[in-house]
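Taking it in order: structure first as structure tokens, then the write-up.
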Amino acid sequence: MRSRCFATLILCLSLAGLAPDWAVTTARADAATATEIGPGGRPVGRAWSRSPVYAANGIAATAQPLASQIAIDILKAGGSAVDAAIAANAALGLMEPTGNGIGGDLFAIVWDPKTQRLQGLNASGRSPKSRTLEQLRQQLGGASSIPPLGHLPVTVPGTVDGWFELHQRFGSLPMQSVLAPAIRYAQEGFPVSPVIAYYFQRAEAAFNRRVDMIDEFDNAKRTYFTPRAPQAGEIFRNPELAKTYTQIAAEGRDAFYKGSIAAAIDSYMRRIGGDLRLADLTAHKSEWVTPSCAGYRNVELCELPPNGQGFAALQMVNILKHAQLAQWPRDHPRVWHYLTEAKRLAFEDVAKYYADPKFADVPTEWLLSETYGKARFDLIDPERAMLQPQPGEAKLEAAGDTTYLTVADSNGMMVSLIQSNYRGMGSGLVPDGLGFMLQDRGELFSLDPKHANVYAPGKRPFHTIIPAFIMRGKTPLMSFGLMGGSMQPQGHVQILINMIDYGMNPQEAGDAARMNHTGGRQPTGNGEDDLLGTLNLEPGVSAGTVAALRKMGHRVEIVSNGVMFGGYQAIYRDPKTGVYIGATEMRKDGLAIGY
Numbered sequence: 010m011r012s013r014c015f016a017t018l019i020l021c022l023s024l025a026g027l028a029p030d031w032a033v034t035t036a037r038a039d040a041a042t043a044t045e046i047g048p049g050g051r052p053v054g055r056a057w058s059r060s061p062v063y064a065a066n067g068i069a070a071t072a073q074p075l076a077s078q079i080a081i082d083i084l085k086a087g088g089s090a091v092d093a094a095i096a097a098n099a100a101l102g103l104m105e106p107t108g109n110g111i112g113g114d115l116f117a118i119v120w121d122p123k124t125q126r127l128q129g130l131n132a133s134g135r136s137p138k139s140r141t142l143e144q145l146r147q148q149l150g151g152a153s154s155i156p157p158l159g160h161l162p163v164t165v166p167g168t169v170d171g172w173f174e175l176h177q178r179f180g181s182l183p184m185q186s187v188l189a190p191a192i193r194y195a196q197e198g199f200p201v202s203p204v205i206a207y208y209f210q211r212a213e214a215a216f217n218r219r220v221d222m223i224d225e226f227d228n229a230k231r232t233y234f235t236p237r238a239p240q241a242g243e244i245f246r247n248p249e250l251a252k253t254y255t256q257i258a259a260e261g262r263d264a265f266y267k268g269s270i271a272a273a274i275d276s277y278m279r280r281i282g283g284d285l286r287l288a289d290l291t292a293h294k295s296e297w298v299t300p301s302c303a304g305y306r307n308v309e310l311c312e313l314p315p316n317g318q319g320f321a322a323l324q325m326v327n328i329l330k331h332a333q334l335a336q337w338p339r340d341h342p343r344v345w346h347y348l349t350e351a352k353r354l355a356f357e358d359v360a361k362y363y364a365d366p367k368f369a370d371v372p373t374e375w376l377l378s379e380t381y382g383k384a385r386f387d388l389i390d391p392e393r394a395m396l397q398p399q400p401g402e403a404k405l406e407a408a409g410d411t412t413y414l415t416v417a418d419s420n421g422m423m424v425s426l427i428q429s430n431y432r433g434m435g436s437g438l439v440p441d442g443l444g445f446m447l448q449d450r451g452e453l454f455s456l457d458p459k460h461a462n463v464y465a466p467g468k469r470p471f472h473t474i475i476p477a478f479i480m481r482g483k484t485p486l487m488s489f490g491l492m493g494g495s496m497q498p499q500g501h502v503q504i505l506i507n508m509i510d511y512g513m514n515p516q517e518a519g520d521a522a523r524m525n526h527t528g529g530r531q532p533t534g535n536g537e538d539d540l541l542g543t544l545n546l547e548p549g550v551s552a553g554t555v556a557a558l559r560k561m562g563h564r565v566e567i568v569s570n571g572v573m574f575g576g577y578q579a580i581y582r583d584p585k586t587g588v589y590i591g592a593t594e595m596r597k598d599g600l601a602i603g604y
């Protein structure tokens with residue numbers, strides 16, 4: 010039905026002279042046959058996938074082809090994988106502002122070939138220091154949660170500091186060279202790609218529906234939606250962002266956190282009645298952290314610790330390792346059932362325990378223990394969905410948007426980087442003259458004083474964006490990520506089992522149909538009214554399997570547009586040859602490029 014509707018739209022546009030010539034015949038043929046065409050054949054691999062990209066010297070996989078090309082150009086100019094990742098991220102802040110930008114936060118895992126270890130960076134920002142929980146409650150006027158738009162969910166943007174932390178430790182080229190491609194594209198413009206155009210239009214409609222929640226929307230409208238959201242193929246420019254990037258390149262991170270950019274953010278927030286101040290920006294600092302790993306078969310999945318949700322994927326792995334999924338075909342209902350129940354159990358703990366560890370006792374050692382993983386597995390009924398899953402009880406005294414990219418260089422450095430403004434494009438607030446939107450990550454705070462993730466001044470909220478890495482012993486195997494809110498831990502685990510249990514290559518592992526279970530308790534303290542939740546599946550899951558899952562008690566929905574199933578990129582490194590294998594997301598505009 011979706012294909013026929015799209016074909017009808019193209020036909021109408023063609024008759025009006027607004028679509029390219031190739032669309033006329035295609036639309037008419039599809040309307041005449043009224044059937045969905047299937048995939049063509051392939052000499053090797055699954056018919057529904059394509060070949061991954063092989064390269065010996067360097068490779069990049071991002072959600073926008075021009076950003077991938079920028080990363081390769083930086084590598085060829087002598088830049089490190091970190092230089093290329095920063096350059097691509099800056100380009101994506103311009104080219105994919107629907108998912109990321111320097112008004113948001115950043116997390117990264119880097120395989121450092123010199124030290125032969127993974128290094129993690131948490132570049133997430135904190136809440137305004139001047140606003141207490143009681144003051145926030147008064148501003149909310151009795152509302153039970155923090156809104157997704159306006160100044161109340163705005164936290165300090167951590168991305169720029171994250172860039173410079175990464176660059177100081179692993180960079181090779183000067184930052185002026187790293188940011189130059191994004192600056193040029195911001196000044197001269199670039200053609201908007203189709204999926205990003207779709208998200209632009211979704212964002213515009215969402216903002217217009219709730220514009221009364223936004224303290225000031227004229228700047229955002231002028232920057233992104235004048236006269237409307239850009240269409241696919243239209244040239245989009247952002248000269249104000251070009252100026253901001255130019256200042257950052259010339260003056261360093263202090264331009265953003267102490268200098269003229271920080272002053273502009275402070276002035277803007279005062280003008281609209283917001284609470285974020287220059288002092289909050291000045292005090293910001295990223296944190297280097299140690300990734301933790303959980304074994305699965307002959308590999309380890311590695312994630313960053315809270316305030317992010319990466320450990321949820323590790324908890325799922327510790328549960329699923331007891332299920333021996335490979336005994337069933339990949340589309341068997343028992344496989345989907347165990348994946349879903351493992352997710353539900355892990356996310357009960359996410360909702361109760363995951364928070365900024367500077368403010369809460371997060372029992373990470375216990376949550377990731379083999380004993381606890383087996384105990385959680387034993388709660389799963391292989392025949393029926395749980396009705397009332399509960400979080401575990403720790404002994405604490407013992408202790409709809411994102412972009413993901415990955416780059417690897419000729420020295421063996423591999424970067425797994427994720428960056429986001431959170432929901433939609435962010436808060437709807439674009440500071441005067443800066444060309445980027447501030448994030449709305451603070452929406453994820455709880456208002457319950459007893460909750461680990463309760464709002465507090467100068468605190469980092471619970472975070473959804475998580476980079477990932479797969480190791481085999483002490484050998485780096487794959488940097489990867491899968492964007493999309495609570496989809497991310499679920500997606501990481503599905504990629505892992507697709508490759509390890511079912512022998513898919515990195516591209517097939519991402520193209521295969523996915524699940525996204527929604528519902529259950531939330532880190533905001535809400536969600537107890539729907540503990541069963543909904544098991545959302547893509548059309549590639551067979552009708553027989555869907556029927557079986559419903560019989561097992563799952564509430565199943567089929568979602569065909571790919572929107573809620575994330576966006577995946579990966580780079581696998583052959584441990585024998587050192588050759589890189591890149592994969593990118595068919596649900597996005599992305600491209601993997603190597604040389």
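If you're matching positions, the sequence shown starts at 10 in this note's numbering and goes up one per residue.
Cβ coordinates follow ideal geometry from the N, Cα and C atoms, glycine included.
Computed from a predicted model, the values in this text were never measured in an experiment.
Mapping the DSSP letters down to three states, classify glutamate 350 as helix, strand or coil.
helix
Mind checking which residues open and close the alpha helix (DSSP H) that includes glutamine 256?
The continuous alpha helix (DSSP H) containing glutamine 256 extends over residues 248 to 260.
Per DSSP, which residues does alanine 579 bridge with? Please list them.
Phe489, Ala592
Please confirm if the segment 357 to 373 is in contact with the segment 524 to 544, defined as three or more CB-CB distances below 8 Å between the two stretches.
yes
6 Å Cβ shell around isoleucine 389 - same chain, five flanking residues per side excluded
Glu350
Helix, strand or coil: how does DSSP classify isoleucine 389 here?
Look at isoleucine 389 here: in three-state DSSP terms it is coil, with no helix or strand label.
What first and last residue would you give for the beta strand (DSSP E) that runs through leucine 414?
Segment 411 to 417, the beta strand (DSSP E) holding leucine 414.
Is the beta carbon of arginine 481 sitting closer than 8 Å to the one on glutamate 452?
For the 8 Å CB-CB criterion, arginine 481 and glutamate 452 do not form a contact.
Quick check: methionine 573 and methionine 496, are their CB atoms within less than 8 Å of each other?
Between methionine 573 and methionine 496, the gap from beta carbon to beta carbon is short of 8 Å.
From the DSSP output, which residues share a beta bridge with valine 463?
Ser455
Looking only at C-alpha atoms, which of Gly575, Asp82, Gly519, Asp224 sits nearest to valine 416?
Asp82
Ordered along the chain, which non-local residues of its own chain (more than five positions away) have a Cβ less than 6 Å from that of alanine 369?
Ala461
With distances taken Cα to Cα, identify the nearest neighbour of serine 301 among Gly261, Phe356, Ser378.
For the residues Gly261, Phe356, Ser378, the minimum Cα distance to serine 301 belongs to Ser378.
Give me whichever residues DSSP pairs with threonine 543 in a beta bridge.
Thr527
Could you give the residue range of the alpha helix (DSSP H) that holds tyrosine 208?
203 to 218
Rounded to whole angstroms, how far is the Cβ of valine 502 from the Cβ of methionine 325, which I believe are closer than 8 Å?
With a Cβ gap of about 5 Å, valine 502 and methionine 325 count as contacting.
Can you tell me whether DSSP reads lysine 597 as helix, strand or coil?
coil
Which term fits aspartate 114, buried or exposed, when burial requires 16 or more other beta carbons within 10 angstroms of its beta carbon?
Around the Cβ of aspartate 114, a 10 Å sphere holds 16 or more other Cβ atoms; the residue is buried.
Using 10 angstroms around the beta-carbon of tryptophan 345, count the other beta-carbons present and answer buried if the total reaches 16, otherwise exposed.
buried
Valine 220 versus glycine 110 - alpha carbon distance:
Each residue's CA atom was taken as its position, placing valine 220 and glycine 110 some 21 Å apart.
Per the DSSP calculation, proline 200 is bridged to which residue(s)?
DSSP output for proline 200 lists Ile244 as bridge partner(s).
Excluding sequence positions up to five away, which residues of its chain have a Cβ less than 6 Å from the Cβ of valine 62?
Gly591, Ala601, Gly603
Cα separation between serine 58 and alanine 579?
15 Å
C-beta contact flag for asparagine 131 and leucine 287 at 8 Å:
no
Using 8 Å as the threshold, is the C-beta distance between leucine 443 and alanine 273 below it?
yes
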